[in-house]
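Here the sequence shown is numbered in the numbering used here, starting from 484 and rising by one per residue.
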Amino acid sequence: MEKNEKKELIKKIFSEVLGASNVDTKIIEKYISSDYIQNVDGNTLDYDGFISHMKKQKEVIDSLDVNFLAIAQDGENVFTNHIVTAVKKDESIVKVKVIAQFVIKNNLLVKCDELTQMLSGKDEDKDIGSRH
484 MEKNEKKELI
494 KKIFSEVLGA
504 SNVDTKIIEK
514 YISSDYIQNV
524 DGNTLDYDGF
534 ISHMKKQKEV
544 IDSLDVNFLA
554 IAQDGENVFT
564 NHIVTAVKKD
574 ESIVKVKVIA
584 QFVIKNNLLV
594 KCDELTQMLS
604 GKDEDKDIGS
614 RH
């Protein structure tokens with residue numbers, strides 16, 4: 484994988500998996516390894532936990548927008564600093580800042596290690612990054 488291809492893979496995951504209106508496991512399998520591990524603010528999700536997380540997200544989120552403030556690559560690692568703005572089904576807005584390290588092997592995302600900070604939203608949404 485070329486350097487820019489790994490960064491583009493991360494952007495595709497955000498648009499085609501996180502930004503999708505429903506959970507499509509065929510699309511998820513295209514980008515994310517079955518051995519996937521995600522660490523978010525001290526919570527760990529495996530692949531099945533990630534699927535559950537996506538389903539919970541789709542229950543409450545109508546749409547989301549990701550603004551990459553910075554994105555860089557070092558070998559198999561892609562680092563991002565990004566803002567996620569989610570419009571919930573009740574029309575309230577949640578805005579979260581995310582610093583993340585993604586590990587890509589064999590053209591699949593195998594690990595995500597991230598810290599999130601809610602910038603705006605309701606207290607009930609503080610776990611929006613890891614709810615499952």
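No residue lacks a Cβ here, since even glycine has one placed at the ideal position from N, Cα and C. For clarity, every value in this text was computed on a predicted model and none was experimentally measured.
Between the Cα of residue 562 and the Cα atoms of 570, 577, 571, 584, which residue gives the shortest distance?
584
Excluding five sequence neighbours on each side, which residues of the same chain lie with their C-beta closer than 6 Å to the C-beta of residue 489?
556, 561, 587
Of the residues 491, 534, 609, the one placed nearest residue 598, counting alpha carbons only
609
Proximity to residue 603 [Cα-Cα], best of 573, 537, 566
566
Can you tell me the Cβ-Cβ gap for residue 578 and residue 520, rounded? I've got them flagged as a contact below 8 Å.
At roughly 26 Å, the Cβ-Cβ gap does not stay under 8 Å, so residue 578 and residue 520 are not in contact.
Given residue 491 as reference, the closest of 592, 605, 607 once Cα atoms are compared
592
Selection from 497, 487, 510 that minimises the alpha carbon distance to residue 550:
497
Alpha carbon of residue 526 to alpha carbon of residue 582, nearest angstrom:
15 Å
Helix, strand or coil for residue 608? Go by DSSP, reduced to three states.
helix
Do residue 572 and residue 542 have their CB atoms nearer than 9 Å?
yes
Please report the distance separating the alpha-carbon of residue 534 from that of residue 504.
14 Å
Since residue 503 sits in a beta bridge, which residues does DSSP pair it with?
None, per the DSSP bridge assignment.
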